[in-house]
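The structure under discussion appears below in the form of structure tokens.
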Amino acid sequence: MQYNFDKEIDRSNTNSEKWNISKNELPMWVADMDFEVYPGIVDVMKKRIEQPTFGYNTIPSSFNESIINWWLNRYNTKLESSWIMFSTGVIPSISSIIRKVTDINDAVVVLSPVYNIFYNSISNNGRKILDSQMIYNDGKYSIDFTDLESKLSLPETSMMIFCNPHNPIGKVWDRDTLKKIGELCIKHDVILLSDEIHADVTALGITYNPFISISSEISDKLIMCISPTKTFNIAGLQTSAVVIPNDKLRERVRSGLNRDEIAEPNTFAIQALEAAYTYDGSVWVDKLRHYLHRNKRYIIDRLNMEIPEVKIIDEEGTYLLWIDLSQITNDSKLYCDELRSTTGLYLNPGSMYGGNSGSFVRWNFATSLSRIEDGVDRFIKFVKSN
Ligand SMILES: Cc1ncc(COP(=O)(O)O)c(C=O)c1O
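Under the working numbering, think of the first position of the sequence shown as 35, with each following residue one higher.
Printed below as a string of structure tokens:
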């Protein structure tokens, strides 16, 4: 089947957060794609609507089976059904887990720059953020393991939140790095939460490594948060899962998810995930990855050629490009505000993601190539005129 990723959908008047913009603005910020959703998802939703009763819902075993098959077929990783719990979203899960398995004033470690909402989940729940800044050298990021260990070893540290693959830098972590982090968490008795929402969208020929596939010792300390919502652009349907091999830890988290009322699905959440995690859904994802590859190459090639002072961090995961503007600005917030007010192009300032990222921007390239061309034109014009 052919899928038309060039097709542009008018998302105005749909209450879209991304497209809540002024006329002639071009939103390439929040991690939300503009493509028409995989048709199998629409089909199951239409079918469900034809049966017009929308009461409370149960979670059938087929929900867990769909997740198990997806991880087995795409990542050669065997999950057990008993490890899997439904939740309405990754961030609601993370906040609930922080409240349940750590104490007020405990410290939670993150590797910055990182998805900004992690910081909110930690501090809004009265825990302390311990930020281990990654080393940035010659366009590449690596973990400062000495610093990381010094933070994991503090008596107040009870959890680490890890992003695999990593938003915003786009890194697909290798097995050795995962092993090293996992072993440090075991050594210092720190619960390791791995947010794997960006698992599926990787560069062609690259596969992400599920943390749970590294070793059973690490899995014993691990909480894995997953969801089809980034890959299939169904964040508005609120469907995700928490996977925990350790029985005791899982039951604690389960009681937290229940207490926080995030363990019950809306009418479409189960069907949408099951429709997504199918053979045809998998084919759709691979076609999406090809399309995204072309968009990314287009941005990189033109920026490299026309504004070489801008440096692109060309990593292998996510549909978000992390761009170093240090030769141009050290205030990415101001730069993005001016970019938006002058050209309409709306990017995320790197400063949102913490760490040493005040001179970066994040560019969401999950949209039609023609919009990408428009965005690149606007960006180059702005950079050249400043
Ligand atoms: C790393 C990461 N985790 C979680 C989320 C949000 O997940 P949810 O919508 O399921 O709360 C995002 C959204 O961009 C993300 O990038």
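C-beta: ideal position from N, C-alpha, C; glycine also.
From a predicted model like this one, the values you see are computed outputs, not experimental measurements.
Tell me the DSSP secondary structure of residue i in three-state form.
i, result
"L354", "strand"
"L60", "strand"
"F88", "coil"
"N390", "coil"
"M35", "coil"
"M79", "helix"
"W207", "coil"
"K418", "helix"
"W397", "strand"
"K214", "helix"
"F196", "strand"
"Y175", "strand"
"F413", "helix"
"I93", "coil"
"S121", "strand"
"N103", "helix"
"S115", "helix"
"S404", "helix"
"R108", "helix"
"F69", "coil"
"I55", "coil"
"T48", "coil"
"I128", "helix"
"I445", "This structure does not reach residue 445, given that the chain is present from 35 up to 420, and the question cannot be answered."
"I156", "helix"
"E42", "coil"
"N201", "coil"
Report the residue from the options whose alpha carbon sits nearest the alpha carbon of residue i.
i, options, result
"F69", "G315, G351, I220, L322", "L322"
"S274", "N267, N280, P262, R133", "P262"
"Q272", "P189, F302, E99, S253", "F302"
"M35", "T211, R45, Y72, D44", "Y72"
"D254", "I260, I278, A237, H232", "I278"
"F394", "G388, D408, D358, D411", "D358"
"S385", "K81, A400, L368", "L368"
"G160", "T136, E298, N364", "T136"
"K41", "L403, R412, F416, A233", "L403"
"N49", "L355, S115, E114, G270", "G270"
"T92", "R293, S121, I132, V78", "S121"
"N243", "N198, V287, I268", "N198"
"W397", "I406, H200, N390", "I406"
"L256", "G239, F245, R293", "F245"
"N150", "V64, Y332, S56, T241", "V64"
"L454", "L326, D210, H222, K174", "The shown model of the chain, from 35 to 420, leaves out residue 454, and the question about it has no answer."
"L326", "F399, I225, E51", "F399"
"M193", "K174, F179, I203, D165", "D165"
"V76", "I268, I231, N139", "I268"
"L381", "V344, L354, S360, T211", "L354"
"P61", "R374, K214, P189, D294", "R374"
"G388", "M79, S176, E84, N154", "N154"
"G315", "I55, N103, Y90", "N103"
"R331", "V143, T191, V410, E285", "V410"
"V143", "S228, Y170, E298, P126", "S228"
Within 10 angstroms of its Cβ, does residue i collect 16 or more other Cβ (buried), or is it exposed?
i, result
"Q305", "buried"
"S74", "Just to set this straight, residue 74 is Gly in the shown sequence, not Ser. The residue is buried, with at least 16 neighbouring Cβ atoms inside 10 Å."
"V317", "exposed"
"V206", "buried"
"Y313", "exposed"
"I156", "buried"
"E308", "buried"
"L106", "exposed"
"N329", "buried"
"M339", "exposed"
"I101", "buried"
"D210", "exposed"
"N420", "exposed"
"S95", "exposed"
"E349", "buried"
"Y311", "buried"
"E230", "buried"
"F97", "buried"
"S184", "exposed"
"P383", "buried"
"H324", "exposed"
"D234", "buried"
"Y175", "buried"
Across which residues does DSSP place residue i in a beta bridge pair?
i, result
"A141", "K162, T191"
"S146", "Q167"
"V135", "Partner(s): none; V135 has no beta bridge."
Using a threshold of 6 Å, is the CB atom of residue i nearer than that to any non-hydrogen atom of ligand 2?
i, result
"G123", "Among the ligands present in this structure, namely ligand 1, ligand 2 is not found."
Within the stretch 298-386, note down every full alpha helix (DSSP H) run reaching 4 residues or more, in order along the chain.
-> DSSP runs (the alpha helix (DSSP H)) wholly in the stretch 298-386: 303-310, 313-340, 366-377.
Can you list the alpha helix (DSSP H) stretches of 4 or more residues lying completely in the stretch 222-297, in chain order?
-> Complete alpha helix (DSSP H) runs here, min 4: 250-253, 263-266, 281-293.
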